[in-house]
Structures are given as C-alpha cells and as structure tokens.
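This report concerns only the one structure given below.
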Amino acid sequence: MNTFLKALEAELNDRKRQGTLKGEERVIEKILAPQNGFGPRVLLKGQGQTPFLLFNSNSYLGLRHHQELLTAAEQAANTYGLGPGAVRFISGTCLPHIELEEELARFHRRPAAMIFNSAYATVLGVLAPLISSATMVISDELNHNSIINGLRMAKPASKKIYAHLDMAEFEARISECIGQASRLLVISDGIFSMRGDHAPLAEITAICKEFAAQFSEGILTIIDDSHGVGVFGKTGRGTEEHTDCKADLLIGTLGKAFGVNGGYVTGNQTIITYLRETAACYIYSNPISPAEAAAAKCSLQFIDSSQGRERLGRLRNRTRHLEQGLIALGYQILAGDHPIVPVITGDSKINRALSTFLFNKGILVTPLSHPVVPRGADEIRLQVSASHEQKDIDYLLGMMADFPDTPS
Ligand SMILES: Cc1ncc(COP(=O)(O)O)c(C=O)c1O
C-alpha cells in the first residue's frame, strides 16, 4: 500500500509541477440575492464576507433559482420522495421522468427522447451500443472529453479526427473510410465549450448525405449540444436551429441552461427503444430524481414560452454589451451569439495574473491554458448569464480596464 500511495503522490506532484493540478475546489457557502441594481453574488468558504460575481457558470438563463422550478421540484419530491429508489426498469420510472421525455421530444421536434443522469453518461451510454466492430468514427479534434472517452470505451474499428471545423479535412477523413466499414458514425459538439463557436451542421449533414451510400448501414450523425440548447438559435433550440439543420441524434444536458441536472438524447423511435435495451449507463444506473425531472420539465416549458424568449433576448443583449466593451478596451475575443466569451491572452502567465487579479476584485472566471487549449491559445473564459445585470457587466469591464498587463 505504501508504494502504491507514493506512486499516486508522485503523479500528483508531477501535475503540480506542470501546472495541471486542479487543486482545491472553491466552496460556495451562500448565494446572495440581487441588490442595489447588481445581480446575485456568492460567498466563498475562507473568503469572509467578500461577495463574488460568477462569470464561470453554465446557468446561462439564470434558471437555477427560478421559483417555478423550485416549486415543481418540491411538489415532485413530496409526491415521489427524493431518490428514484431503483434503476428505471426495476421500479425507478416515475411519471415526471416520462413527462420530461415527452416534453424533450416535443421541444426538439422528434419522435422520442430518453434521459440519463448526466450528459456525460448520455454520451457514454449512446456511443457504446451504436458502435459495432465494423463501425468507423469521425470526430472533431476539439470534441468534449465525454466523446473522447466514450469512443475509447466503445472501441470502433477506427477513429478519425479532423482539424476543428475543417470541412475539407472532414470530407477527406470520410473518403478514407470507404470500403473499410459498414457503418460510419459522425460526432461533434454543437457549441464547443472552450470557444463558444459551433459545428457547421449544414455542411456536415450535406457531406454525409453525399457519402451515405458508400456504407452499407449508412452514416449516423450525432451532435452533443450541451452548451447550445436553451441559449443558441432564435428560440433556444441550439445549433440545429441556428444552422437550420438536424443531426440524426441530438444529445443535451439538463444541467446548464435548464438550471437543473441530468442529460438526454432525442431522435428516431427505433434507436431510442434500442438504447433503452442496450445502454449500460441507463440500465444499470439510477435516473435523475423525480424532483429534478419535474423541475427540468418546468424549465423546458419556461424556455419555450414568451417569458423564456424575453430572457434569451436579455442574455443576448448582456453578451453583446460585454463583447463590445472588451473590444473597446483592446482585448482580443472570440465574439459570437453564444454567452461564452473567450478572452484570448495567448500566454499562461498573463492568464494566471488576470484571473487572480479578477478574483481579488470579487469576480470568478475560468482561465484555460495548455493542455486544455492548444499552446499559445490561452484564454480567460467568461460566461454571461441572464441573471447578470447591466451593472455586473460594467463592473467586470471596469476591472478588466484596470488590469495593468492588458494583452495586445
Ligand atoms: C459537450 C458537452 N457534453 C457533455 C458535458 C457534460 O454535461 P453534464 O454535466 O450534464 O454531464 C459537457 C459539459 O461541459 C459538454 O460541454
């Protein structure tokens, strides 16, 4: 045991030396209600009464604290209890699970949907059963870790990676698979979480259509739009709505814009029925709680209402205000419609200095350096929320203006 623990300690020390150790997590002790024209703040353990502003949350629509969702969760918990009590096929399926699945299918205009206990579990659960030993896979180089690990576990005949969003390379990779596989699976993030950019779904599906006849079982397209659903596209239907194009299967999370927790896949009825019979993460693992399912259904109905669209408009305005302010200050950003606003510093030291500077001013952001992003592409990821007030954005901009080493 001693030598085993020493080996683990040595690895942790290595990570510390290389600067890749995640270290201690920050503990949120309390969430403070909006006041004086500012949005909500949090108190962190060990930081006394300093209120912190979150620019590192995926709760893009600010629904995490929405009263209607909390009431829906409370009512479901009172009716069904807290945990589901068992996996779905034993005795863990409650009415809120079914109602949520029906609502998700309706929202995404598809025949069927099934929920998992996270989007990560959804990706693992979906990939393994749909990848046979005669399946080849094409994947964007910046796809999320769940896809990278899901493909490792699923063991396709071969996996081909193309440069981020590079459609010429994408097409070349598909050509290389002709005659080598009976089934081709194409998978991409919808919105890419480090950059806030999106998959060119119209081009991807057009190229797949052109090549589908070259594979006896065709080409299956899967988009994981965990960061896109709820906040991207005219009515929050994500990358598919923005590009006016659909993948065969869409994966999403209930834990970001929805403000709750869990994951789901939606698509063709036969595929969903097949996945209920074969996806290990679904069969052998508890579903989300009935309270989470009821809250997520409520969230979906809110997003798909005039109030939801109003909130989306507010989020877009806040995002635009921040982007324009950063550009005026001379920061290099990746601008777009999505509330992820990457500030490119291109230098790990500046990245660390800027995030520490902001922390000392009561602002939480996400610094991303190699190996999470390519060398020289260091960035501070800012995430805007509809719960931010104009004053919050102006406060952040004021602090960014005060940073002495603005990268040029
Ligand atoms: C593309 C993508 N898929 C999956 C996930 C994981 O989502 P969850 O927390 O629901 O497992 C994330 C989270 O960042 C993501 O960006």
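The letter at position 394 of the sequence shown is residue 575 when you use the numbering used here, and the numbering goes up by one with no holes. Glycine is no exception: its CB is placed at the ideal position from the N, C-alpha and C atoms.
Are the beta-carbon atoms belonging to residue i and residue j less than 7 Å from one another?
i	j	result
F439	H423	no
F396	L366	no
N467	V304	no
F233	R245	no
T526	D559	yes
L503	V565	yes
E352	K478	no
I508	V524	no
E280	M295	no
L242	R492	yes
Q450	P277	no
P362	S369	One point to set straight first is that residue 362 is Ala, not Pro, in the sequence displayed. No. Outside cutoff.
H345	I372	no
Within 10 angstroms of its Cβ, does residue i collect 16 or more other Cβ (buried), or is it exposed?
i	result
T184	exposed
Y455	exposed
M317	buried
G494	exposed
V208	exposed
P552	exposed
G229	exposed
L308	buried
S339	exposed
G557	exposed
Determine the DSSP secondary structure at residue i, reduced to helix, strand or coil.
i	result
S272	helix
Q513	strand
F288	helix
E210	strand
L244	helix
L263	coil
L224	strand
H379	strand
Per DSSP, what are the beta-bridge partners of residue i in this structure?
i	result
Y343	D321
S299	Partner(s): none; S299 has no beta bridge.
G448	A293
L549	E560
F219	Q216
T402	V367
T316	R364
L431	I404, T447
L234	I544
State the Cα-Cα distance for the pair residue i and residue j, rounded to the nearest angstrom.
i	j	result
D429	G218	44 Å
R490	S314	44 Å
A387	G306	27 Å
R354	F392	11 Å
Q256	E249	11 Å
M580	I531	15 Å
P471	V410	22 Å
R196	L202	5 Å
L235	I544	6 Å
Y463	G273	11 Å
A258	C275	11 Å
L535	I453	46 Å
G448	G360	27 Å
C389	D378	21 Å
A286	E570	33 Å
I469	L435	10 Å
F319	S356	Phe is not the amino acid found at residue 319; the sequence shown has Ile there. Rounded to whole angstroms, I319 to S356 spans 11 Å at the Cα level.
G417	S240	14 Å
L563	L510	15 Å
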